[in-house]
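Asker: Count the sequence shown with my numbering and you get residues 214 to 536, in order.
Where is the CB? At the ideal position from N, CA and C, for every residue including glycine.
Computed from a predicted structure; not experimentally measured.
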Amino acid sequence: MKMDKNTLVAIGEALIDFIPDKTGCDFSEVTAFAPKVGGAPANVCGAFTKLGGNSRMLTQLGDDPFGHKILAELKGYGIDTSCISLTDKANTALAFVSLDADGGRTFSFYRKPSADMLYAPENIRKECFDDAYALHFCSVDLADDPMREAHRTAVTYARASGAVISFDPNLRFQLWHSREALIQTVMQFIPLADIVKVSDEELAPITGETDIEKALDKLFAGAVKLVVYTCGSDGAYAYTRKARAFSPARQVKAVDTTGAGDGFIGSFLNGLCRRGIGADKLESLSSEVLEECLELSNEFCARSIQKHGAIASYPDMKELLAK
Numbered sequence: 214m215k216m217d218k219n220t221l222v223a224i225g226e227a228l229i230d231f232i233p234d235k236t237g238c239d240f241s242e243v244t245a246f247a248p249k250v251g252g253a254p255a256n257v258c259g260a261f262t263k264l265g266g267n268s269r270m271l272t273q274l275g276d277d278p279f280g281h282k283i284l285a286e287l288k289g290y291g292i293d294t295s296c297i298s299l300t301d302k303a304n305t306a307l308a309f310v311s312l313d314a315d316g317g318r319t320f321s322f323y324r325k326p327s328a329d330m331l332y333a334p335e336n337i338r339k340e341c342f343d344d345a346y347a348l349h350f351c352s353v354d355l356a357d358d359p360m361r362e363a364h365r366t367a368v369t370y371a372r373a374s375g376a377v378i379s380f381d382p383n384l385r386f387q388l389w390h391s392r393e394a395l396i397q398t399v400m401q402f403i404p405l406a407d408i409v410k411v412s413d414e415e416l417a418p419i420t421g422e423t424d425i426e427k428a429l430d431k432l433f434a435g436a437v438k439l440v441v442y443t444c445g446s447d448g449a450y451a452y453t454r455k456a457r458a459f460s461p462a463r464q465v466k467a468v469d470t471t472g473a474g475d476g477f478i479g480s481f482l483n484g485l486c487r488r489g490i491g492a493d494k495l496e497s498l499s500s501e502v503l504e505e506c507l508e509l510s511n512e513f514c515a516r517s518i519q520k521h522g523a524i525a526s527y528p529d530m531k532e533l534l535a536k
């Protein structure tokens with residue numbers, strides 16, 4: 214492991230997304246699915262690495278063909294897999310996806326439990342954070358399993374190393390026994406983060422507000438210094454307590470939005486890292502820098518959603534800057 218603080222560490226699920234051969238139809242009408250490596254934290258690593266950064270995934274996979282496929286593909290993308298565990302106690306998580314005519318998604322998950330849910334604090338090595346620029350996590354793996362406590366351990370290690378801590382709630386209500394349990398857990402973890410990324414669809418369930426301006430007081434809790442608010446084709450906003458910025462989205466025909474939000478925050482974190490912006494500098498970010506980071510991430514997503522899959526659809530820096 215390199216000792217430069219330039220590595221994005223992500224903890225949580227890595228899984229297989231089964232992408233349908235048809236769009237604009239129900240699950241029952243799909244005749245074939247293609248397996249693609251996914252899972253929000255893995256996707257964020259993929260975005261960060263595609264743009265020239267280093268990344269490391271912390272999770273557990275089943276010692277099965279799907280787990281080995283994920284390992285091989287993550288390595289192929291240049292993601293460090295040295296902190297991924299394998300187990301024979303559960304299978305690798307699977308998610309079957311249906312796509313509407315605009316590329317929107319419906320998921321059917323197979324993880325009762327899956328290997329990632331059994332990843333425990335003792336699986337995490339402190340040295341995995343020695344070169345960490347940031348730790349990123351989502352809420353999918355914050356249910357009452359060993360993995361939730363593994364997240365707390367990761368946050369502790371990341372904070373001790375001086376890393377930026379990034380949280381994207383990425384709400385998946387169908388994976389929880391109640392909406393209330395998910396929202397309560399999200400509200401427990403928001404104050405642990407430096408950056409919180411939330412979408413327009415998630416704002417009301419999390420904060421009870423439909424207006425981002427009214428919701429900011431609830432999102433700026435604990436250690437939170439920067440709120441990123443994404444609105445799909447309506448663009449994205451970024452807020453610190455002193456500055457704010459907006460960037461419109463480029464209008465394109467969406468083929469598949471799988472991993473778009475993950476690509477946004479992964480590319481946004483990459484932009485901060487390339488500028489040398491650590492946790493201690495987030496509060497003093499200017500509107501101009503925030504806008505530049507938002508613009509890059511909007512373009513990243515515009516290019517991604519015109520292709521199928523998540524990591525496989527992400528552009529590298531050369532593609533991103535090409536006209």
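1) Rounded to the nearest angstrom, how far is the Cβ of Ser261 from that of Gly479, given a contact under 8 Å?
2) Under the rule that 16 or more other beta-carbon atoms within 10 Å means buried, what is Ala285, buried or exposed?
3) Do you know how far the Cα of Ala535 is from the Cα of Asp358?
4) Rounded to whole angstroms, what is the Cα-Cα separation between Met530 and Arg463?
5) For chain D, check one thing: does any of its Cβ atoms lie closer than 9 Å to the Cβ of Gly291?
6) Does DSSP put Asn256 in a helix, a strand or coil?
7) Anyone know if the C-beta pair for Leu287 and Val222 falls short of 9 Å?
8) Around the Cβ of Pro499, are there at least 16 other Cβ atoms within 10 angstroms (buried) or fewer (exposed)?
9) Taking one C-beta from the region 514-534 and one from the region 485-503 each time, how about it: are there three or more such pairs within less than 8 Å?
10) Give me the DSSP bridge partner(s) of Ser379.
11) Using CA atoms only, rank isn't needed, just tell me which of Ile292, Phe320 and Ile283 is closest to Ala328.
12) In the structure shown, what three-state DSSP assignment does Gln273 receive?
13) Using the beta-carbon count (16 or more within 10 Å), is His390 buried or exposed?
14) For Asn511, which residues of its own chain have a beta-carbon under 8 Å away from its beta-carbon, when the five flanking residues on both sides are left out?
15) Excluding the 5 residues flanking Asn304 on each side, which residues of the same chain have their C-beta closer than 7 Å to its C-beta?
16) Please check the pair Asp234 and Gly251, which I expect to be a contact at CB under 8 Å, by giving their CB distance rounded to whole angstroms.
17) What would DSSP say about Lys531, mapped onto helix, strand or coil?
18) With the cut-off set at 9 Å, would you say Leu485 and Val377 are in Cβ contact?
19) How far does the alpha helix (DSSP H) with Thr366 in it reach, from first residue to last?
20) Roughly how many angstroms lie between the CA atoms of Ile396 and Glu415, to the nearest whole one?
21) For Gly474, count neighbouring C-beta atoms within 10 Å of its own C-beta (all shown protein chains included) and say buried if the count is 16 or more, exposed if not.
22) Hey, Leu507 and Ser379: beta-carbon distance below 9 Å or not?
23) Please name the residue in Phe240, Ala308 and Glu242 whose C-alpha comes closest to that of Ala227.
24) For Asp293, which residues of its own chain have a beta-carbon under 8 Å away from its beta-carbon, when the five flanking residues on both sides are left out?
25) Comparing C-alpha positions only, which one of Asp217, Leu439, Glu362 and Gly237 sits nearest to Asp469?
26) Name, in chain order, the residues that DSSP records as bridge partners for Val310.
27) Tell me which residues share the same chain as Ile425 and place their Cβ nearer than 7 Å to its Cβ, disregarding the 5 neighbours each side in the sequence.
28) Compute the distance between the beta-carbons of Gly280 and Gly472, then report whether it is under 9 Å.
29) Rounded to whole angstroms, what is the Cα-Cα separation between Met330 and Ser446?
30) Is the distance from the Cβ of Thr420 to the Cβ of Lys438 below 9 Å?
31) Roughly how far, in whole angstroms, is the beta-carbon of Phe320 from the beta-carbon of Gln401, given that I think they are within contact range, below 8 Å?
32) Smallest Cα separation from Lys410: which of Phe342, Arg338 and His349?
33) Which residue from Val440, Leu429 and Ser497 puts its Cα closest to that of Lys455?
Answerer: Here's the rundown:
1) For the purposes of this step, residue 261 is identified with residue 48 of the sequence shown, where counting begins at 1. For the purposes of this step, residue 479 is identified with residue 266 of the sequence shown, where counting begins at 1. Checking the displayed sequence, the identity of residue 261 turns out to be Phe instead of Ser. Contact between Phe261 and Gly479 holds: CB atoms are separated by about 5 Å, below the 8 Å threshold.
2) Position 72 of the sequence shown, counted from the first residue, corresponds to residue 285. It is exposed - the Cβ of Ala285 has fewer than 16 other Cβ atoms within 10 Å.
3) Position 145 of the sequence shown holds residue 358. Position 322 of the sequence shown holds residue 535. C-alpha of Asp358 to C-alpha of Ala535: approximately 44 Å in a straight line.
4) Taking the sequence shown and counting its residues from 1, the one referred to as residue 530 is at position 317. Taking the sequence shown and counting its residues from 1, the one referred to as residue 463 is at position 250. Just so you know, the alpha carbons of Met530 and Arg463 end up roughly 17 Å apart.
5) The chain inventory of the structure shown lacks chain D, comprising one protein chain alone.
6) Numbered from 1 along the sequence shown, position 43 holds the residue referred to as residue 256. Note: Asn256 maps to helix in three-state DSSP.
7) Counting from 1 along the sequence shown, the entry for residue 287 is found at position 74. Counting from 1 along the sequence shown, the entry for residue 222 is found at position 9. Cβ atoms of Leu287 and Val222: not closer than 9 Å.
8) Position 286 of the sequence shown, counted from the first residue, corresponds to residue 499. Per the sequence presented here, residue 499 reads as Ser, with Pro not at that position. Looking at its Cβ environment, which holds fewer than 16 other Cβ atoms inside 10 Å, Ser499 is exposed.
9) Result no; under three Cβ-Cβ pairs closer than 8 Å.
10) In the sequence shown, the residue the question calls residue 379 occupies position 166. DSSP, once it has assigned bridges, lists His349 and Ile408 as partnering Ser379.
11) Position 115 of the sequence shown, counted from the start, is the residue given in the question as residue 328. Ranked by Cα distance from Ala328, the options Ile292, Phe320 and Ile283 are led by Ile283.
12) Taking the first residue of the sequence shown as position 1, residue 273 is located at position 60. Strand at Gln273.
13) If you number the sequence shown from 1, residue 390 lands on position 177. Residue burial annotation: His390 is exposed, with fewer than 16 other C-beta atoms found within 10 angstroms of its C-beta.
14) Position 298 of the sequence shown, counted from the start, is the residue given in the question as residue 511. Same-chain partners within the cutoff: Gly448, Ala449, Ser460, Pro461, Ala462, Arg463 and Phe477.
15) Reading the sequence shown from its first residue, position 91 is the one you call residue 304. Only Gly275, Asp277, Ser327 and Ala328 meet the Cβ criterion.
16) In the sequence shown, the residue the question calls residue 234 occupies position 21. In the sequence shown, the residue the question calls residue 251 occupies position 38. The pair is not a contact, with the Cβ atoms about 17 Å apart (cut-off 8 Å).
17) On the sequence shown, position 318 is the one that residue 531 refers to. In the displayed model, Lys531 falls within a helix according to three-state DSSP.
18) Numbered from 1 along the sequence shown, position 272 holds the residue referred to as residue 485. Numbered from 1 along the sequence shown, position 164 holds the residue referred to as residue 377. It is a contact, given that the beta carbons lie within the stated cut-off.
19) Counting from one through the sequence shown, the residue named residue 366 turns up at place 153. Thr366: member of the alpha helix (DSSP H) spanning Pro359 to Ser374, first to last residue.
20) Working through the sequence shown from its first residue, we reach residue 396 at position 183. Working through the sequence shown from its first residue, we reach residue 415 at position 202. Approximately 10 Å between the Cα atoms of the pair.
21) The residue you call residue 474 lines up with position 261 of the sequence shown. Its Cβ being crowded by 16 or more others within 10 Å, Gly474 is buried.
22) Working through the sequence shown from its first residue, we reach residue 507 at position 294. Working through the sequence shown from its first residue, we reach residue 379 at position 166. No, Cβ-Cβ distance for Leu507 and Ser379 is not below 9 Å.
23) Position 14 of the sequence shown, counted from the first residue, corresponds to residue 227. The shortest Cα separation from Ala227 among Phe240, Ala308 and Glu242 belongs to Ala308.
24) For this step, residue 293 is matched to residue 80 along the sequence shown. If the five residues before and after Asp293 are omitted, its C-beta is found closer than 8 Å to the C-beta atoms of Met214, Thr220, Asn267, Ser268, Arg269 and Met270, all from its own chain and listed in chain order.
25) In the sequence shown, the residue the question calls residue 469 occupies position 256. Cα-wise, what sits closest to Asp469 is Gly237.
26) To locate residue 310, count along the sequence shown from 1; it is residue 97. The secondary-structure analysis by DSSP pairs Val310 across a beta bridge with Phe320.
27) For this step, residue 425 is matched to residue 212 along the sequence shown. For Ile425, where only same-chain residues beyond five positions count, the Cβ hits under 7 Å are Leu416, Tyr442 and Tyr450.
28) Here the question's residue 280 lines up with position 67 in the sequence shown. Here the question's residue 472 lines up with position 259 in the sequence shown. No; because the gap between Cβ atoms is not below 9 Å, this pair is not in contact.
29) Counting from one through the sequence shown, the residue named residue 330 turns up at place 117. Counting from one through the sequence shown, the residue named residue 446 turns up at place 233. One C-alpha to the other measures close to 33 Å.
30) Counting from 1 along the sequence shown, the entry for residue 420 is found at position 207. Counting from 1 along the sequence shown, the entry for residue 438 is found at position 225. Their beta carbons are not under 9 Å apart, which means Thr420 does not touch Lys438 by this criterion.
31) Stepping through the sequence shown from its first residue, residue 320 is reached at position 107. Stepping through the sequence shown from its first residue, residue 401 is reached at position 188. Rounded, the Cβ-Cβ distance is 24 Å, inconsistent with contact.
32) The residue you call residue 410 lines up with position 197 of the sequence shown. Cα-wise, what sits closest to Lys410 is His349.
33) Numbered from 1 along the sequence shown, position 242 holds the residue referred to as residue 455. For Lys455, the nearest C-alpha among the options comes from Ser497.
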